[in-house]
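Chemist: This structure is in structure tokens; I'll ask about it shortly.
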Amino acid sequence: MISISICLIVKNEEVVLSRCLDSLKGIGDEIIIVDTGSTDNTKKIATKYTDKIYDFKWIDDFAAARNFAFSKATKDYIYSADADEILNNENHKKFIEIKQVLLEEIEIVQMKYTNQLQYGTTYNFNTEYRPKLFKRLRTFTWIDSIHETIRIEPVIYDSDIEIIHMPETNHAERDFKTFLTVIKRGERLSSRLLSMYAKELFISGKAFDFKSGLEYFKGVLYDEERSNDEIKYAICIISKGYRLNNDVYNFLKNCMKGVADKPCSELCYELGEYYYELKDYDEAIIWYYNAAFETESFLNVHYNGDYPLRRLGECYDAIGNKEEAENYMKMSVNWSIPESEDGRI
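Count along the sequence shown starting at 1, add 133, and that's the number in our numbering.
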């Protein structure tokens, strides 16, 4: 049977920490808690579960904090937990079973992360696979009978364990602050991080947040190393940012760049919003219809679903077509977000 180190990074988690650690009893052989500056009773609560509590000066870098936590682990595998997660009884049993029978060649175990949409800021699906259990020391092996080479890709097992995400608050404000700090340090956002920033803006951002990130995304447009998708992220953010800040000329200028290439639901919806605010409902209907039925969402799945459907209902109601208004309102109410999308690393 393998041994497991449970690693958490925490800050002011007194409300949820016991709930999380109680749900993990019997799974970990050691618990490592890295505190990044709590001012509540988090560290006092942590002492009830472990004596391996470490302070880490917060430097606006979650990866650095997690790496520090991992460096303190001593067991065969490391389970990376967050304080706002729990395992219910059924999934606790599944975890114990995996601990008892996991093959030594498995290097990463993925688990289903559920309830992502509660206070969600970046996700378009309620459930996804995430890497959660990691082999602490990796053994390199040779593969191929001739012209042999070292296997670089990790051996991954997709388990049926479900981790329930139970946040108490929305972390968008914290995240936007961290993004801006990273940008001010002159760091280049990776493709993945750029995507996360753009999605978080479209899902949770306010006009101020768009304005704060505008210059960075304008720079992305002229970065020759960026992919077409990354350029489209930037066009979407810039367009909505200008609309929210009432810069009509630059809104239309940038929005049309995206529509002229391959339109996405987000840009069509934003054009619908522009005409809706002008009370030009006939023109707004065209763009909302395109958002709902003729294009695909790129950053926020709602822009291809209930958002434009509801607006179509409102537009038809405004021009006196009650039948169509009722039809689209029903479609909006009946629309549901996709349950899952396979997450792979």
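The beta carbon of each residue, even a glycine, is placed where N, CA and C say it ideally should be.
These numbers were taken from a predicted model, which means no experiment stands behind them.
If you draw a straight line from the alpha carbon of D475 to that of T260, how long is it in whole angstroms?
Modeler: For D475, the predicted structure reports a pLDDT of 47, less than 50, and the residue's modelled location is therefore unreliable. The matter cannot be settled from this model.
Chemist: List the whole-angstrom C-beta distance separating F267 from I211, where the pair is believed to meet the contact cut-off of C-beta under 8 Å.
Modeler: Right, their Cβ atoms sit about 5 Å apart.
Chemist: Should S138 be counted as a contact of the ligand FMN given a C-beta to heavy atom distance under 8 Å?
Modeler: Absence of the ligand FMN from the depicted structure is noted, as is the absence of any ligand whatsoever, leaving it without description.
Chemist: For R477, which residues from the same chain have a beta carbon less than 6 Å from its beta carbon, with the 5 sequence-adjacent residues on both sides left out?
Modeler: Residue confidence for R477 is low, a pLDDT of 37 falling below 50, so the modelled location carries little weight; the figure read from the coordinates is stated next. Contacts found: none.
Chemist: Between Y440 and S465, what straight-line distance do the alpha-carbon atoms span, to the nearest angstrom?
Modeler: If I take the Cα positions, the gap works out to 7 Å.
Chemist: Is E358 helix, strand or coil when you go by DSSP?
Modeler: E358: coil per DSSP, three-state reduction.
Chemist: Suppose you measure from the CA of S469 to the CA of K177; what does that come to, to the nearest Å?
Modeler: Whole-angstrom Cα-Cα distance: 42 Å.
Chemist: Pull the bridge partners of L411 from the DSSP assignment, please.
Modeler: L411 pairs with nothing; no bridge assigned.
Chemist: Would you list the residues sitting across from Y212 in a DSSP beta bridge?
Modeler: Y212 is bridged to I139, L266.
Chemist: Go ahead and label V143 buried or exposed: buried means 16 or more other beta carbons lie within 10 angstroms of its beta carbon, across all protein chains shown.
Modeler: Answer is buried; the Cβ neighbour count reaches 16.
Chemist: Is it buried or exposed, H280, if we count other Cβ atoms within 10 angstroms and call 16 or more buried?
Modeler: With fewer than 16 other Cβ atoms within 10 Å, it is exposed.
Chemist: Relative to the C-alpha of Y409, which candidate in E447, D155, M244, F195 has its C-alpha closest?
Modeler: Minimum Cα distance to Y409 is reached at E447.
Chemist: If you reduce the DSSP assignment to three classes, tell me which class T314 lands in.
Modeler: Here T314 sits in helix by DSSP.
Chemist: Does the structure place the segment 208-222 close enough to the segment 180-195 that three or more beta carbon pairs sit under 8 Å?
Modeler: Not touching, per the Cβ criterion.
Chemist: In whole angstroms, give me the CA-to-CA distance for L326 and F341.
Modeler: Roughly 20 Å between the two C-alpha positions.
Chemist: Starting from I178 and walking both ways along the alpha helix (DSSP H), at which residues does that stretch end?
Modeler: Unbroken alpha helix (DSSP H) run through I178: 175-179.
Chemist: Along the beta strand (DSSP E) that carries K190, what are the first and last residues, could you check?
Modeler: No beta strand (DSSP E) holds K190; DSSP gives it neither H nor E.
Chemist: In this structure, does DSSP put E237 in helix, strand or coil?
Modeler: DSSP places E237 in coil when its eight states are reduced to three.
Chemist: Should I283 be labelled buried (16 or more other beta-carbon atoms within 10 Å of its own) or exposed?
Modeler: Exposed, since its Cβ has fewer than 16 Cβ neighbours within 10 Å.
Chemist: Taking R269 as the reference, give the member of I289, T207, D193, C369 with the closest Cα.
Modeler: Ranking I289, T207, D193, C369 by Cα distance to R269 puts T207 first.
Chemist: Should S372 go down as buried or exposed, given a rule of 16 or more other Cβ atoms within 10 Å for buried?
Modeler: Buried, by the Cβ-count rule.
Chemist: Give the range of the alpha helix (DSSP H) segment to which Y290 is assigned.
Modeler: Counting along the chain, Y290 falls outside any alpha helix (DSSP H), though it belongs to the beta strand (DSSP E) covering 289-298.
Chemist: When DSSP labels each residue in this structure, what does E147 get in the three-state scheme?
Modeler: Coil at E147, not helix or strand.
Chemist: Tell me where the beta strand (DSSP E) around D380 begins and ends.
Modeler: Looking at the DSSP string, D380 is not in any beta strand (DSSP E), and its letter there is neither H nor E.
Chemist: Between F384 and R152, what straight-line distance do the alpha-carbon atoms span, to the nearest angstrom?
Modeler: For F384 and R152, the distance between alpha carbons rounds to 47 Å.
Chemist: Taking the Cβ atom as the reference point for each residue, do V242 and I289 lie within a distance shorter than 9 Å?
Modeler: Against a cut-off of 9 Å, the Cβ pair of I289 and V242 comes out as a contact.
Chemist: Between which two residues does the beta strand (DSSP E) harbouring D168 extend?
Modeler: D168 -> beta strand (DSSP E) spans 163-168.
Chemist: Excluding sequence positions up to five away, which residues of its chain have a Cβ less than 7 Å from the Cβ of N467?
Modeler: If we look at N467 and ignore the five residues flanking it on each side, it has no Cβ neighbours.
Chemist: Throw me the rounded Cβ distance for the L347 and G319 pair, which I believe falls under 8 Å.
Modeler: Actually they are not in contact, since the Cβ atoms of L347 and G319 sit about 18 Å apart, beyond 8 Å.
Chemist: Would you mind listing the alpha helix (DSSP H) stretches within the segment 441-465 that are 4+ residues and don't spill past its ends, in chain order?
Modeler: For the segment 441-465, not a single whole alpha helix (DSSP H) run of length 4 or above is found.
Chemist: Using the Cβ count rule (16 or more neighbours within 10 Å means buried), how would you classify M95?
Modeler: In this structure the chain extends from 134 to 478, so residue 95 is not present and cannot be described.
Chemist: Opposite W275 in the DSSP bridges: which residues?
Modeler: W275 pairs with I283.
Chemist: Output the distance between the C-alpha atoms of A197 and N379, rounded to the nearest integer angstrom.
Modeler: Answer to the nearest angstrom: the Cα atoms are 39 Å apart.
Chemist: The alpha helix (DSSP H) with F335 in it runs from where to where?
Modeler: It spans 324-337 - the alpha helix (DSSP H) in which F335 sits, taken as one unbroken run.
Chemist: Quick one: Cα of E223 to Cα of M299, how far?
Modeler: Cα-Cα distance, rounded: 17 Å.
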